Amino acid sequence: MKQRFFHYHIRKTGGTSVNEAFFGLNIENPKSISESIRISTHKHVILNSNKYVGANTKEINKDDFFYGFTHAPYHRLNISSEVFQFCIFRNPMDRVISHYNMIRKHVIQNIQRGWVQKESKWLSNDFNSFLHKIPKEKLLAQLYCFSSKFDVEDAAENINKLDYFFNLEEFEIGLNELSSIIDMKLKSYKSHETNFPTNISNDSKKKLRKMLELEYRLMKILGLNYE
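All residue numbers for the sequence shown refer to numbering that gives the first Met the number 0, where the first residue is 0 and numbers rise by one.
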């Protein structure tokens, strides 16, 4: 059984919650570890002799961790086959809208994060303007994470090499199944939920759905049919 773990953390898919479930194996307050990794320069912590590495591609590629995670895509990483690799997916439209709302929340509430200055430039008068400005690799983040060419078949092939994946909409079921597979009790934590809704017109939603066609095709191949 594999004893080390890596999470391909796609933004706005519940990834922080599952990261904290793994932190919770070694500490009672896992949210404090999320903050410690975020503000540190080396992006890692040691808990009970277990090394947790986040958002540090160079360090992750050294293959020296108990648990690793990053937003970096598959093609920039070199994860050993001896590491248990997994990912969480989400309804593509819901993920993009959540990303949009997250940026708005950070800007309006003046929450300081390293990415805010760059991503706030994607905001404008309305959601349609955002769709024109957000980079393709961020719009189609779930596809791009596993195919630098935005190729659906290529992404599906790489995803099927993972040890496990599940969808955010069935988070508790997925986490329980993951616990069973790795034989570790992972406790559920709810983190980084963006309760900052906005009104998006039906026309904008139709436009977004069309822009996400490739990603919906990928989800269908994976057996995550969101239609």
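Using N, Cα and C, we set each Cβ at its ideal position, and we do this for glycine too. As the structure is a computational prediction, the values presented were derived from the model and not from experiment.
| request: Pick helix, strand or coil for residue 133, following the three-state DSSP scheme. | output: Walking along the sequence shown from the start, residue 133 turns up at place 134. The answer is coil: DSSP assigns residue 133 none of H, G, I, E or B.
| query | Is the segment 74–92 touching the segment 153–165 in the sense that three or more CB pairs, one from each, lie closer than 8 Å? | reply | yes
| message | Quick check: is any heavy atom of the ligand GTP less than 6 Å from the C-beta of residue 111? | response | Although the ligand GTP was asked about, the structure shown includes no ligands whatsoever.
| message | Could you tell me which whole beta strand (DSSP E) segments of length 3 or greater appear in the segment 46–119? | response | 49–53, 66–69, 82–88
| With a cut-off of 8 Å, do at least 3 Cβ pairs link the segment 200–208 to the segment 116–135? | yes
| said: Here's the rule: buried if 16 or more other CB atoms are within 10 angstroms of the residue's CB, otherwise exposed. What is residue 91? | reply: Residue 91 sits at position 92 when you count from the first residue of the sequence shown. It is buried - the Cβ of residue 91 has at least 16 other Cβ atoms within 10 Å.
| CB residue 68 to CB residue 50, shorter than 7 Å? | As a position in the sequence shown, residue 68 is number 69, starting the count at 1. As a position in the sequence shown, residue 50 is number 51, starting the count at 1. Going by C-beta atoms, residue 68 is not nearer than 7 Å to residue 50.
| task | Starting from the Cα of residue 77, find the closest Cα among 5, 30, 180 and give me that residue. | result | Here residue 77 refers to the residue found at position 78 of the sequence shown. Comparing Cα-Cα distances from residue 77 to each of 5, 30, 180, the minimum goes to 5.
| message | Determine whether the beta carbon atoms of residue 100 and residue 12 lie at a separation below 7 Å. | response | Your numbering for residue 100 matches position 101 in the sequence shown. Your numbering for residue 12 matches position 13 in the sequence shown. Not a contact, by the Cβ cut-off of 7 Å.
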